[in-house]
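Residue numbers (our numbering), protein chains in the order written: chain A, 750 to 1086; chain B, 750 to 1086.
Think of the CB as a built atom: it goes at the ideal place given N, C-alpha and C, for glycine as much as any other residue.
Quantities reported herein were computed from a predicted structural model and do not represent experimental measurements.
Comments concern the structure below.
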């Protein structure tokens, strides 16, 4: 197995590119893919201040590493989710990475700063943990970007993530989500009062959309980045992982299928689901508590905090989904709502 | 396990409907689903003459049986494809069904009538067999419908078929195919000279789209219909079957996922891919040989016949795809085209 570039011994084969690479040319391949994603989708401009959403996993650490390597002004932000040992180890990996490279890492901790954690939120709301987790992370990273004057939020979503999300959106024909599934979401301005008073959502970009998760893992190994290998114990058995498995079966038989699926969508289908230009420019009202844009009086984050803050912490083991448990809990929740 | 209707002993459980049925109420369920599909999608009008494309498998025989049972004027047509024992047994099942019920079955045989068969066509053109097979069947059923004065062609595509085709079209974002994937395709008129001189494509309908293939099989068993159980030996390992497997995995975890995928598409997405109304009305030129509508001078069917008719028959075993063989052959064909 020889490197497609230098014919030296290869360390990885990329079936969908029908190519093998040595360590150096694989790292270059990864950087080139990020550069191309940034260019193709107008992700980061010259002199932009970037904040990277860092979980401590392979994707976010690889992303931060590549962005710094490419010369971007990229700081990190990590959120302590309170998911037992998993969260502790994740934060540790993020801190170690930042300290080892002298990078700035901003930290928020749900329990310390808002008096709740994800297992407790899941138990109290009786919803799958991924629901309050995703919403909390989106709210806090948006807030950090606006408060801190960052131009853009970068997240580590890779090709497998985006293809699986797209598959889920297509399976249910969530046309509204399909209209928003883009590698770059433009910032939005409005009358809500958060941040600098005009921007209500920061620009959000996914520079790893051209890399598969096997590739970001290999990138970290070759760069000597210690990342947390475990998947979140609360996500076990969730739909997203099932969609990944179904697409993995297709990809195994037809290498490149995921890439064709995701980029074919962007090229030939996404615009058919684009929201009305009118609707997109509409000014969102501000949350009465925190000033974030919301469709109601109080935003979903403030409502969650109000409901779960200060409640007796529930250990992760008690809400960890058993086999089939997540589905059953979701089914019950849906029937009630 | 009790019947959801009469509380008698159930013989089948339908997870996606969260219901079990006894034999009688399951047969009623199947008929009701066909009636609803016909109504919802304006498939067959009062007094329409129907021709059913009959393969001898569970779907086409169940379809013919239900349509006759519902009082439709439905004759059958079957095509001898020359795929060894499989085709012989398929034709036998179709003939036995028609004779047992005193129904009219029209027969075409590729080798007798056009001097080729599918294995030979596949070997000579060096393409996957499903390619010449699908095209030949479409051409001959259209021709039979126009020549015979039938108002509508009914095919046995079931929910699993349509969901798998949709998955394939979505994976590749074949927007043109997505624009045409409908349970009812309206007839088209034009200047091509086939049939009655005005209609160039007959109306085509899929009345089984609300039934899964497990259900059409159960229908046949309960109605005492002898159908050919084997899958086509030449289709083994093809993409369509892989897409079915991927969706089966999703369906197993989320019963109803396929139905939501397919009908959600029809409800909320299909119109976004609809062809230009202008283009659809455009008059297609007629094939110089057979008068069928075509985009070139000679239609694809006449070109295939010209290329393969009279060639030494190739036995099915010689072109039967080995594991992975279909994919490799297709890859080569693509690279060449």
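Counting other Cβ atoms within 10 Å of its Cβ, residue 871 of chain A reaches 16 or more and is therefore classed as buried.
Within the stretch 1003 to 1022 of chain A, the residues whose Cβ lies closer than 8 Å to some Cβ of chain B are 1003, 1006, 1009, 1010, 1013, 1014, 1016, 1017, 1018, 1021 and 1022, listed in chain order. Here residue 816 of chain B really is in contact with residue 799 of chain B; their C-beta atoms are around 6 Å apart, less than 8 Å. Using a 10 angstroms sphere on the CB of residue 796 of chain A, the tally of other CB atoms stays under 16, which defines it as exposed. Close partners of residue 994 of chain A in chain B (Cβ separation under 8 Å): 998. Contact fails between the stretch 802 to 816 of chain A and the stretch 986 to 1004 of chain A, because fewer than three Cβ pairs, one in each stretch, are under 8 Å apart.
The beta carbon of residue 959 of chain B sits no closer than 9 Å to any beta carbon of chain A. Look at residue 984 of chain A here: in three-state DSSP terms it is coil, with no helix or strand label. Put simply, the backbone Cα of residue 858 of chain B is about 26 Å away from that of residue 936 of chain B. Residue contact with chain B for residue 921 of chain A: present (Cβ-Cβ distance below 9 Å to some residue of chain B).
Per DSSP, residue 774 of chain A is one residue of the alpha helix (DSSP H) stretching across 772 to 789.
The Cβ of residue 876 of chain A sits no closer than 9 Å to any Cβ of chain B.
Any Cβ of chain B closer than 9 Å to the Cβ of residue 991 of chain A would place that residue at the interface, and such an atom is present. In this structure residue 868 of chain A is buried. Its beta-carbon is surrounded by 16 or more other beta-carbon atoms within 10 angstroms. A check of alpha carbon separations from residue 962 of chain A across A/865, A/988, A/779 and A/758 identifies A/779 as the nearest. For residue 924 of chain A, the C-beta contacts it makes with chain B under 7 Å involve 1017 and 1018, in order along the chain. By the criterion of a C-beta distance shorter than 7 Å, residue 882 of chain B is surrounded in its chain by 830 and 867, once the five residues flanking it on both sides are discounted. For residue 988 of chain B, at least one C-beta of chain A is nearer than 9 Å to its own C-beta. The beta carbons of residue 772 of chain A and residue 975 of chain A sit no closer together than 9 Å. Partner residues in the beta bridge of residue 828 of chain B, as assigned by DSSP, are B/857. The beta carbon of residue 846 of chain B is closer than 6 Å to those of 810 in its chain, skipping five residues each way along the sequence. Boundaries of the alpha helix (DSSP H) around residue 890 of chain B: 878 to 897. The stretch 904 to 921 of chain B and the stretch 1008 to 1021 of chain A touch, with no fewer than 3 CB-CB distances between them shorter than 8 Å.
Take residue 934 of chain B, set aside five residues on each side of it, and the residues of its chain with a beta-carbon closer than 8 Å to its own are 950, 952, 953 and 954, in chain order. Residue 869 of chain A sits in a helix when the DSSP states are folded into three classes. Residue 763 of chain B and residue 973 of chain B have their C-alpha atoms roughly 20 Å apart.
Annotation note: the stretch 921 to 1002 of chain B contains the following uninterrupted alpha helix (DSSP H) runs of length 4 or greater, listed N- to C-terminal: 924 to 929, 962 to 972 and 988 to 1002.
In this structure, residue 956 of chain B and residue 803 of chain B do not form a Cβ contact; the two beta carbons are roughly 14 Å apart against a cut-off of 8 Å. Residue 763 of chain B carries a strand assignment under DSSP once its states are collapsed to helix, strand and coil. In this structure residue 888 of chain B is buried. Its beta-carbon is surrounded by 16 or more other beta-carbon atoms within 10 angstroms.
Per DSSP, residue 751 of chain B lies in no alpha helix (DSSP H) and is assigned neither H nor E. Inclusion of residue 864 of chain A and residue 1054 of chain A in the CB contact set at 9 Å is warranted, their separation being smaller than that value.
For the 9 Å CB-CB criterion, residue 856 of chain A and residue 826 of chain A form a contact.
When secondary structure is reduced to three states using DSSP, residue 817 of chain B falls in the helix class. The beta-carbon separation of residue 915 of chain B and residue 959 of chain B, rounded to 15 Å, does not stay under the 8 Å limit for a contact. In the structure shown, residue 900 of chain A adopts coil according to DSSP, grouped into three states.
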